Amino acid sequence: MFKLSKKLFSISLSAILTACLIPSVFAQPVSKKPNPSNKLQFHTISDQPWLITVIHQINLSEIEKSLQQRGIKMNISGDKLINFTPINVTTGIVIDKEGYILTRLVNLNPEAGEKGIGSITVMLPSGEERQARFIGLDGPSGFCLLLVENLKIKPARLANQVSLDFNASVTILNVEFNDKPNSKQG
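Start counting the sequence shown at 32; every next residue gets the next number (our numbering).
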């Protein structure tokens, strides 16, 4: 009996602590506009210079228009929400010497032209920020191709053959038909 009550006590204590943490998730501050004095701090990965940070911003009213064009209704009320600009920070991989970058972006509507794309900036490992141009989107996978002119970063070494050396380390990125991306490393 004592063992059971001790176990119930530890389970209920865990549940109470978990419930106390839930409000902290919703208490995160929201940035209304990017503040230049509030620069994001990134750590450089020296052995992977081809790994860069992609920062995408698009006005919420443009997202609403994009959804309406697709038949999805959304109601944004209030000036603060209409002028809200979500910021999507993700990772990109430099894939060739011409400056093409592979990444995944959300909140894009390429059919709407420049307003449907928003602003896309990349932050290089050196800390330098450069404008990126949207090239295309693969709808089913969500992968996007960007271009940064005169990018002087050595691209990631990508496999161009099937045969590998014994004990070679590889990473395989795959998006299956059910749209569940996975990564295998070995």
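Note that CB positions come from ideal geometry on N, CA and C, so glycine has one too.
In this text, all values refer to a predicted model and were calculated from it rather than measured experimentally.
Taken in chain order, the unbroken stretches of beta strand (DSSP E) that lie wholly in the stretch 107 to 134 and span 3 residues or more are 118 to 125. Bounds of the alpha helix (DSSP H) holding E93 are 91 to 100. Within its own chain, no residue has a Cβ closer than 6 Å to the Cβ of G170 once the five positions on either side in sequence are excluded. Counting along the chain, the unbroken beta strand (DSSP E) around G167 starts and ends at 164 to 168. Of the other Cβ atoms in all chains shown, fewer than 16 fall within 10 Å of the Cβ of A199; this residue is therefore exposed. Cβ atoms of I124 and L136 stay farther apart than 8 Å, at about 13 Å. Rounded to whole angstroms, the separation of the alpha carbons of T121 and S172 is 15 Å. With contacts defined as CB atoms closer than 8 Å, P117 and L155 fail to qualify as a contacting pair. In chain order, G130, I132, V153, R161, Q162, A163, R164 place their CB closer than 8 Å to the CB of V179, counting only its own chain and leaving out the 5 sequence neighbours on each side. In this structure, the straight-line span from the alpha carbon of I184 to that of L176 is close to 16 Å. Nearest C-alpha to V85 among E93, I94, L98, G149: G149.
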